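So the sequences go chain by chain: A and B.
Each residue of the first sequence is one higher than the last, beginning at 2 in the working numbering.
Each residue of the second sequence is one higher than the last, beginning at 6 in the working numbering.
Here is the structure we will look at, set down as structure tokens.
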Amino acid sequence: MTEKLIDYIIKMQEQEALREVQDMINNNVPVMEILTKCRKAMEIVGERYEKGEYFIPELMMAAEIMTKIADMTKFLIQKEKSEEDNLGIIVIGTVEGDIHNIGKRIVCFNLEANGFKVIDIGEDISPEEYTEAIEKYKPDLVGLSCLLTIAFDSMKNTIEKIDEAGLRDKVKIMIGGAPVDDRVCEYAKADGWAEDAVKAVRLAKQLIGVD
Amino acid sequence: MINKENWDELTPNEKYNKRMESFLNPDIKFVTKEGEEKYKKNAQRYKDAIELKKPDRVPISPNMGFYPARYAGITAEEAMHDYEKMSMAWRKFNNDFGFDYLQSCAASGSGSLFAKLDLKLYKWPGHGTKTDIPYQCVEEEYMKADEYNELIEDPSAFFMKIYLPRIFGSLEAWEKLPIFPSFIELPFIGSGMVSIGMPDIQESFKKFIEAGQEAWKWAEVVGKTNKEIIAVNGIPSNSGGYTKAPFDILGDTLRGTKEIMLDMYRRPEKILKAMDTLVPIAIKMGINACDSSDNPFVKIPLHKGEDSFMSREQFAEFYWPTLKKVLLGLIEDGCVPSLFAEGSYNKRLDFITDPDLPKGKIYWYFDKTDMVEVKKYLSGKAAFGGNVPASLLKTGTPNEVEEYVRNLMDKVAGDGGYILTTGAVIDDAKDENIKSMVEAGKKYGKY
Numbered sequence: 002m003t004e005k006l007i008d009y010i011i012k013m014q015e016q017e018a019l020r021e022v023q024d025m026i027n028n029n030v031p032v033m034e035i036l037t038k039c040r041k042a043m044e045i046v047g048e049r050y051e052k053g054e055y056f057i058p059e060l061m062m063a064a065e066i067m068t069k070i071a072d073m074t075k076f077l078i079q080k081e082k083s084e085e086d087n088l089g090i091i092v093i094g095t096v097e098g099d100i101h102n103i104g105k106r107i108v109c110f111n112l113e114a115n116g117f118k119v120i121d122i123g124e125d126i127s128p129e130e131y132t133e134a135i136e137k138y139k140p141d142l143v144g145l146s147c148l149l150t151i152a153f154d155s156m157k158n159t160i161e162k163i164d165e166a167g168l169r170d171k172v173k174i175m176i177g178g179a180p181v182d183d184r185v186c187e188y189a190k191a192d193g194w195a196e197d198a199v200k201a202v203r204l205a206k207q208l209i210g211v212d
Numbered sequence: 006m007i008n009k010e011n012w013d014e015l016t017p018n019e020k021y022n023k024r025m026e027s028f029l030n031p032d033i034k035f036v037t038k039e040g041e042e043k044y045k046k047n048a049q050r051y052k053d054a055i056e057l058k059k060p061d062r063v064p065i066s067p068n069m070g071f072y073p074a075r076y077a078g079i080t081a082e083e084a085m086h087d088y089e090k091m092s093m094a095w096r097k098f099n100n101d102f103g104f105d106y107l108q109s110c111a112a113s114g115s116g117s118l119f120a121k122l123d124l125k126l127y128k129w130p131g132h133g134t135k136t137d138i139p140y141q142c143v144e145e146e147y148m149k150a151d152e153y154n155e156l157i158e159d160p161s162a163f164f165m166k167i168y169l170p171r172i173f174g175s176l177e178a179w180e181k182l183p184i185f186p187s188f189i190e191l192p193f194i195g196s197g198m199v200s201i202g203m204p205d206i207q208e209s210f211k212k213f214i215e216a217g218q219e220a221w222k223w224a225e226v227v228g229k230t231n232k233e234i235i236a237v238n239g240i241p242s243n244s245g246g247y248t249k250a251p252f253d254i255l256g257d258t259l260r261g262t263k264e265i266m267l268d269m270y271r272r273p274e275k276i277l278k279a280m281d282t283l284v285p286i287a288i289k290m291g292i293n294a295c296d297s298s299d300n301p302f303v304k305i306p307l308h309k310g311e312d313s314f315m316s317r318e319q320f321a322e323f324y325w326p327t328l329k330k331v332l333l334g335l336i337e338d339g340c341v342p343s344l345f346a347e348g349s350y351n352k353r354l355d356f357i358t359d360p361d362l363p364k365g366k367i368y369w370y371f372d373k374t375d376m377v378e379v380k381k382y383l384s385g386k387a388a389f390g391g392n393v394p395a396s397l398l399k400t401g402t403p404n405e406v407e408e409y410v411r412n413l414m415d416k417v418a419g420d421g422g423y424i425l426t427t428g429a430v431i432d433d434a435k436d437e438n439i440k441s442m443v444e445a446g447k448k449y450g451k452y
């Protein structure tokens, strides 16, 4: 019966998936087992996204189903991963002057689903706030997001500030957002850039050498 | 304002010709004879490109956001609040850069107007963003999931009584307004009007009137400035107004990105019905704008149908059919839809060259789409433009920009029907790069 759960999730059958989880809970199926199925389903969703079969509606819908299952099982999926067994810690934010967060949220969810510990420090984040967050959380990676073209300078300034604070060698820095490309990456002196949420995960793994 | 006498008796082509006639011969007193001639040349050049011909050279029409303010040394906040400074900045910009077409000073909008309305839908400089940061949209569910029927059954009442009170703090009381069909008989009128006497509604109308006065003040400066820029420089306006794709109307500011994406699974039939309701409204929005500006070009910025947002199947089901209806409706009335395909449209090129759409009546401009592919699909069907990247204009050198433009001219401009523009709306760039883009367009764009 448990394979049904995977099937419902990857077909975006929200009601059926939630009913299945409720049945599993009622039948005393261990929470870990439910969550393992969920993770398997999310892997398949990610693979299909990467192959170009699934798009943002499916990523959003799968994330929504996951959130509801997490509520039902009174168990946050990301918490279940202990501090030690994450692939790495990433501090992520939208740079100064830019308040957009939808792309960033999708990237965060995907990084979490793939084993990263994600610390989302919000939007309109100043260079100082980034350096403070790096000192506080000691991440392996820092992610800078933007939607506006005027944020290119914010990205550059942020990375300069991280450098000035003597923290540049301690972290890998990745950037993303609709207007970002090779030129922006070079301009801001980031370590890499990604154009979507799945590529962001791959880049994060590459940058910290776990791929 | 266009004269629409006997309009219903005209064919779409005759309507188009009439609208184009106003574009070619506007009601403007040009400062010099050369200015007037230059205007005619620029207008004809644009018309030729739209009609898939080879003009004397490629029309040059980069797409500017707040860049003129930056260039003239005023902040985004000043551009949105100090109309005289705004006017100065856009005059200076239009005088200095030699574009073929007007960059309208309406682009920045009036922050004072938005403040009077207590607009919640955006943050803008002085109201949530820093002094030099342009406005940004605040995504919320301004329409709730269970309100689709309200929109479908009575769209005007939905916008007036549900949407406006949420996006305009000053009009919060409008949720208590009557629905206007209540006034169909004498005995109904009294009870229908009672709510208008309520103190909070009276207050909201006072604010509404003040906002209207502010809009008028702003529009006077905008109208005067644009007219003078055109009269001095001989550069036509290629923007008559705006409309949007029905899916974007729903997804951008009614439901929000996340919610519309979830609705595609949770309540697809509601989306489809709501979009059907929005089609005639979107058409009317475009036509009304073109009528009052007496300018045939309707800009349509496209958002959520982009390659990475949805699958081809979803585009075919949710995005394209109603957008196509909007395009046909605009063309039917003689307007020229000018669609800005933001992001990448590589997987949509077969849709947008739909054989039901008449040839030479639409302009598509692109951001990250492969322009060589664009030419393959659109050549001989619709005018297309693009796509000097914002990143290049900001971080590149004038030589790199020239090279990029030269490459576009070599590879995609050759058969005509092409307009040189930027891949994004530009807020920030190096002055010399924008100049290089224009010069390269003039140098390599000759036919």
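Every residue gets a Cβ at the ideal spot worked out from N, C-alpha and C, and that includes glycine.
Since the model is a prediction, treat every value here as computed from it, not as a measurement.
Exercise for the section: Return the bridge partner residues of B:H132 from the DSSP annotation. Expected result: Within the second sequence, the letter at position 127 stands for residue 132 of chain B. According to DSSP, B:H132 bridges with B:W129.
Handout entry: Whole-angstrom distance between B:W12 and B:E26, CA atom to CA atom
Key = As a first step, residue 26 of chain B is located in the second sequence; it is residue number 21 there, counting from the start. As a first step, residue 12 of chain B is located in the second sequence; it is residue number 7 there, counting from the start. Those two C-alpha atoms are separated by around 15 Å.
Practice task
Determine, using beta-carbon pairs with one atom in the region 259-271 of chain B and one in the region 71-79 of chain B, whether at least three such pairs fall under 8 Å.
Solution key: no
Problem - Contact list for A:A179 against chain C, beta-carbon separation under 7 Å - result: Among the protein chains of the structure shown, namely A and B, there is no chain C.
Handout entry: Proximal residues of chain B, C-beta to C-beta of A:I103 below 9 Å
Key = As a first step, residue 103 of chain A must be located in the first sequence, where it is residue number 102. Those within 9 Å of A:I103 in chain B are E144, G261, T262, K263.
Practice task
Name, going along the chain, the residues of the region 307-325 of chain B whose beta-carbon falls closer than 7 Å to a beta-carbon of chain A.
Solution key: S313, F314, M315, S316, Q319
Exercise for the section: Give me whichever residues DSSP pairs with B:N392 in a beta bridge. Expected result: One-based indexing of the second sequence puts residue 392 of chain B at position 387. Paired residue(s): B:T426.
Handout entry: B:Y153 and B:K275 closer than 9 Å at C-beta
Key = As a first step, residue 153 of chain B must be located in the second sequence, where it is residue number 148. As a first step, residue 275 of chain B must be located in the second sequence, where it is residue number 270. Going by C-beta atoms, B:Y153 is nearer than 9 Å to B:K275.
Problem - At least three beta-carbon pairs within less than 8 Å, the region 76-95 of chain B to the region 131-138 of chain B - result: yes
Exercise for the section: Output the distance between the C-alpha atoms of B:T327 and B:I305, rounded to the nearest integer angstrom. Expected result: For the purposes of this step, residue 327 of chain B is identified with residue 322 of the second sequence, where counting begins at 1. For the purposes of this step, residue 305 of chain B is identified with residue 300 of the second sequence, where counting begins at 1. Using only the alpha carbons, I get a separation of about 13 Å.
Problem - A:Q14 - DSSP class collapsed to helix/strand/coil - result: One-based indexing of the first sequence puts residue 14 of chain A at position 13. Correct three-state label for A:Q14: coil.
Practice task
Please state whether DSSP places A:V211 in a helix, a strand or coil.
Solution key: As a working mapping, residue 211 of chain A is identified with position 210 in the first sequence. The answer is coil: DSSP assigns A:V211 none of H, G, I, E or B.
Exercise for the section: Would you give the residue range spanned by the alpha helix (DSSP H) that A:S155 belongs to? Expected result: Here residue 155 of chain A corresponds to residue number 154 of the first sequence, with the count starting at 1. 152-165 is the extent of the alpha helix (DSSP H) around A:S155.
Handout entry: For A:K173 and A:L208, believed in contact at Cβ under 8 Å, the rounded distance
Key = Taking the first residue of the first sequence as 1, we reach residue 208 of chain A at position 207. Taking the first residue of the first sequence as 1, we reach residue 173 of chain A at position 172. A:L208 to A:K173, Cβ: 4 Å. Contact.
Practice task
Would you identify the three-state DSSP class for B:A346, choosing helix, strand or coil?
Solution key: For the purposes of this step, residue 346 of chain B is taken as residue 341 along the second sequence, with counting starting at 1. Here B:A346 sits in strand by DSSP.
Practice task
Work out the CA separation of B:T374 and B:P64 for me, nearest whole Å.
Solution key: Working through the second sequence from its first residue, we reach residue 64 of chain B at position 59. Working through the second sequence from its first residue, we reach residue 374 of chain B at position 369. Going by the C-alpha atoms only, they are around 20 Å apart.
Practice task
Using a Cβ-Cβ cut-off of less than 8 Å, give me the residues of the region 274-286 of chain B that come near chain A, in sequence order.
Solution key: none
Practice task
Using the Cα positions of B:G450 and B:P67, report the straight-line distance between them to the nearest angstrom.
Solution key: Here residue 450 of chain B refers to the residue found at position 445 when the second sequence is read from its first residue. Here residue 67 of chain B refers to the residue found at position 62 when the second sequence is read from its first residue. Spanning the two alpha carbons is a distance of roughly 14 Å.
Practice task
Kindly give me the distance between the Cβ atoms of A:R184 and B:G401, rounded to whole angstroms, as I take these residues to be in contact under 8 Å.
Solution key: Within the first sequence, residue 184 of chain A is the residue found at index 183, counting from 1. Within the second sequence, residue 401 of chain B is the residue found at index 396, counting from 1. Confirmed, about 7 Å.
Handout entry: C-beta neighbour in chain B for A:T68, strict 9 Å
Key = For this step, residue 68 of chain A is matched to residue 67 along the first sequence. Chain B contact via Cβ: absent.
Practice task
Check A:C147 in the structure and name its three-state DSSP category.
Solution key: Taking the first sequence and counting its residues from 1, one reaches residue 147 of chain A at position 146. It is coil, neither helix nor strand.
Handout entry: Counterpart residues of B:Q49 in DSSP-defined beta bridges
Key = As a working note, residue 49 of chain B is residue 44 in the second sequence. Bridge partners of B:Q49: none, in fact.
Exercise for the section: Return the CA-CA distance between B:L255 and B:K125, expressed in angstroms with no decimal places. Expected result: Taking the first residue of the second sequence as position 1, residue 255 of chain B is located at position 250. Taking the first residue of the second sequence as position 1, residue 125 of chain B is located at position 120. Near 17 Å, if we compare the C-alpha coordinates of B:K125 and B:L255.
Problem - Contacts that A:E65 makes with chain B (C-beta to C-beta distance below 7 Å) - result: As a first step, residue 65 of chain A must be located in the first sequence, where it is residue number 64. L267, listed in chain order.
Exercise for the section: Whole angstroms is fine: what's the gap from B:K229's alpha carbon to B:L383's? Expected result: One-based indexing of the second sequence puts residue 229 of chain B at position 224. One-based indexing of the second sequence puts residue 383 of chain B at position 378. B:K229 and B:L383: Cα-Cα distance of roughly 37 Å.
Practice task
Measure the CB-CB distance between B:A429 and B:A395 and report whether it falls below 9 Å.
Solution key: Counting from 1 along the second sequence, the entry for residue 429 of chain B is found at position 424. Counting from 1 along the second sequence, the entry for residue 395 of chain B is found at position 390. Yes.
Problem - Through-space distance from A:M25 to A:E81, alpha-carbon basis - result: One-based indexing of the first sequence puts residue 81 of chain A at position 80. One-based indexing of the first sequence puts residue 25 of chain A at position 24. Per-residue confidence for A:E81 stands at a pLDDT of 49, beneath the threshold of 50, marking its modelled position as unreliable; no derived number is given.
Exercise for the section: Using three-state DSSP, classify B:M203 as helix, strand or coil. Expected result: Taking the second sequence and counting its residues from 1, one reaches residue 203 of chain B at position 198. In the structure shown, B:M203 sits in coil (DSSP, three-state: anything other than H, G, I, E or B).
Problem - C-beta atoms of B:R260 and B:M165 nearer than 9 Å - result: Taking the first residue of the second sequence as position 1, residue 260 of chain B is located at position 255. Taking the first residue of the second sequence as position 1, residue 165 of chain B is located at position 160. No.
Exercise for the section: Would you check if there are 3 or more beta carbon pairs closer than 8 Å linking the region 103-121 of chain A to the region 352-360 of chain B? Expected result: no
Practice task
State the Cα-Cα distance for the pair A:D164 and B:G310, rounded to the nearest angstrom.
Solution key: Taking the first residue of the first sequence as position 1, residue 164 of chain A is located at position 163. Taking the first residue of the second sequence as position 1, residue 310 of chain B is located at position 305. In a straight line, the C-alpha of A:D164 is about 39 Å away from that of B:G310.
Handout entry: Boundaries (first-last residue) of the beta strand (DSSP E) holding A:F117
Key = Residue 117 of chain A sits at position 116 when you count from the first residue of the first sequence. Note, A:F117: beta strand (DSSP E), 117-126.
Handout entry: 4-residue-minimum alpha helix (DSSP H) runs that sit fully inside the region 188-266 of chain B, ordered along the chain
Key = 191-199, 204-238
Handout entry: Proximity of B:E158 and B:I167 at Cβ, strictly below 9 Å
Key = Counting from 1 along the second sequence, the entry for residue 158 of chain B is found at position 153. Counting from 1 along the second sequence, the entry for residue 167 of chain B is found at position 162. No, these two residues do not count as a Cβ contact at 9 Å.
Problem - A:Y1 at chain B interface by Cβ criterion, 9 Å - result: Missing from the structure shown is residue 1 of chain A; chain A here goes from 2 to 212 and no further.
Exercise for the section: Return the first residue and the last residue of the beta strand (DSSP E) that A:Y91 is part of. Expected result: In the first sequence, the residue the question calls residue 91 of chain A occupies position 90. Reading off the sequence, residue 91 of chain A comes out as Ile, not Tyr. A:I91 -> beta strand (DSSP E) spans 89-96.
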